[in-house]
Amino acid sequence: LGHQFELMNTAVKPYPSCRYGHASVDAAIALRAELGLKPEEIESVTMGLPNKGMLLVGAPLAYKQNPQNVVDGQFSGPFVVACGLVHGHMGWDSYAHLTDPVVRSILPKVNCVEDPEVQALFPEYMSGKLTVRARGQDHVRMIRIAKGEPENFLTEAELRAKFHGLVDAVLGRDRAIQLADGVIGLERSGDVNALMRLGAPLMAARLAGE
Numbered sequence: 014l015g016h017q018f019e020l021m022n023t024a025v026k027p028y029p030s031c032r033y034g035h036a037s038v039d040a041a042i043a044l045r046a047e048l049g050l051k052p053e054e055i056e057s058v059t060m061g062l063p064n065k066g067m068l069l070v071g072a073p074l075a076y077k078q079n080p081q082n083v084v085d086g087q088f089s090g091p092f093v094v095a096c097g098l099v100h101g102h103m104g105w106d107s108y109a110h111l112t113d114p115v116v117r118s119i120l121p122k123v124n125c126v127e128d129p130e131v132q133a134l135f136p137e138y139m140s141g142k143l144t145v146r147a148r149g150q151d152h153v154r155m156i157r158i159a160k161g162e163p164e165n166f167l168t169e170a171e172l173r174a175k176f177h178g179l180v181d182a183v184l185g186r187d188r189a190i191q192l193a194d195g196v197i198g199l200e201r202s203g204d205v206n207a208l209m210r211l212g213a214p215l216m217a218a219r220l221a222g223e
């Protein structure tokens, strides 16, 4: 007791979508940055998943290639990978791109398959492999440990970016910054009540005279 903290073994999802697709989003963002890929250069994409991941984000393929709403998008391997390839980003604001013609142009090019290498690492790791065919060549990226796992945790900047992407609209930017600062410095805080008050939605705080 007091020596091993299970909280330190907890993963934090960097993207607001099904975890099975995250390693492939990592790969998509990395390949886009590395190769300077433009959407029109992408000929095909193969998303390698474990078998359970296929059931959630990869099949039936025709359905996953045609998400109609936010929940469809959250469980669509083709959509989250397309966002990574087109925008280099996958956040809550990405669901505004469900009807984006550039993102939609990538969806039918994404095939989801059960990958033996990825399956061999499951369930210890929720890995992913992405193969992007562009400029006449196959570019392969295998992500063994997805971003956000304890062994590949978010940096403070990445954690804050996710936090602000979700919280700013509710609390306002200034209040959200204060709350993030307070949580990160919790062990130095002398007033937990003040921290709790910062978590009140903006309208409720205004009504309370804060």
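Oh and the sequence shown: position 19 is 32 in our numbering, straight run, nothing missing. Note that the Cβ used here is the ideal one computed from N, Cα and C, for glycine as well.
I'd like to check one pair, residue j with residue i: are the Cβ atoms closer than 8 Å?
| i | j | result |
| --- | --- | --- |
| residue 115 | residue 62 | no |
| residue 146 | residue 40 | no |
| residue 104 | residue 90 | no |
| residue 29 | residue 171 | no |
| residue 44 | residue 143 | yes |
| residue 21 | residue 129 | no |
| residue 54 | residue 148 | yes |
| residue 199 | residue 25 | no |
| residue 127 | residue 64 | yes |
| residue 69 | residue 125 | no |
From this set, the options, which residue's C-alpha is nearest residue i's C-alpha?
| i | options | result |
| --- | --- | --- |
| residue 93 | 31, 208, 187, 75 | 31 |
| residue 150 | 27, 50, 214, 198 | 50 |
| residue 109 | 86, 207, 196, 142 | 86 |
| residue 134 | 17, 36, 204 | 36 |
| residue 23 | 165, 180, 111 | 165 |
| residue 38 | 88, 16, 15 | 88 |
Only counting the same chain, and skipping five residues up and downstream in sequence, which positions put a Cβ closer than 7 Å to that of residue i?
| i | result |
| --- | --- |
| residue 95 | 116, 119, 120, 123 |
| residue 66 | 33 |
| residue 212 | 192 |
Could you tell me which residues DSSP pairs with residue i in its beta bridges?
| i | result |
| --- | --- |
| residue 151 | 146 |
| residue 61 | 126, 142 |
| residue 156 | 141 |
| residue 55 | 147 |
Who are the Cβ neighbours of residue i in its own chain at under 8 Å, not counting the five residues just before and after it?
| i | result |
| --- | --- |
| residue 102 | 42, 96 |
| residue 113 | 99 |
| residue 202 | 195, 208 |
Give me, in chain order, the residues of the same chain whose beta-carbon lies closer than 6 Å to that of residue i; leave out the 5 immediate sequence neighbours on both sides.
| i | result |
| --- | --- |
| residue 183 | 214 |
| residue 107 | 96 |
| residue 78 | 91, 120, 121 |
| residue 180 | 189 |
| residue 205 | none |
Can you tell me whether residue i sits near the ligand GDP, meaning its C-beta is under 7 Å from at least one heavy atom of the ligand?
| i | result |
| --- | --- |
| residue 178 | In the structure shown, the ligand GDP is absent, as is every other ligand, since no ligand is present at all. |
Point to revise | At least three beta-carbon pairs within less than 8 Å, the segment 158–178 to the segment 137–145 | key: Three or more beta-carbon pairs separated by less than 8 Å link the segment 158–178 to the segment 137–145, which places the two stretches in contact.
Check your understanding: When the Cβ atoms of the segment 55–75 are set against those of the segment 173–187, are three or more pairs found closer than 8 Å?
Key -> Here the segment 55–75 makes no contact with the segment 173–187; the two share fewer than three CB pairs at distances below 8 Å.
Check your understanding: Would you call the segment 75–85 and the segment 168–177 touching, i.e. three or more CB-CB distances under 8 Å?
Key -> No, because fewer than three Cβ pairs between the segment 75–85 and the segment 168–177 fall closer than 8 Å, the two stretches do not touch.
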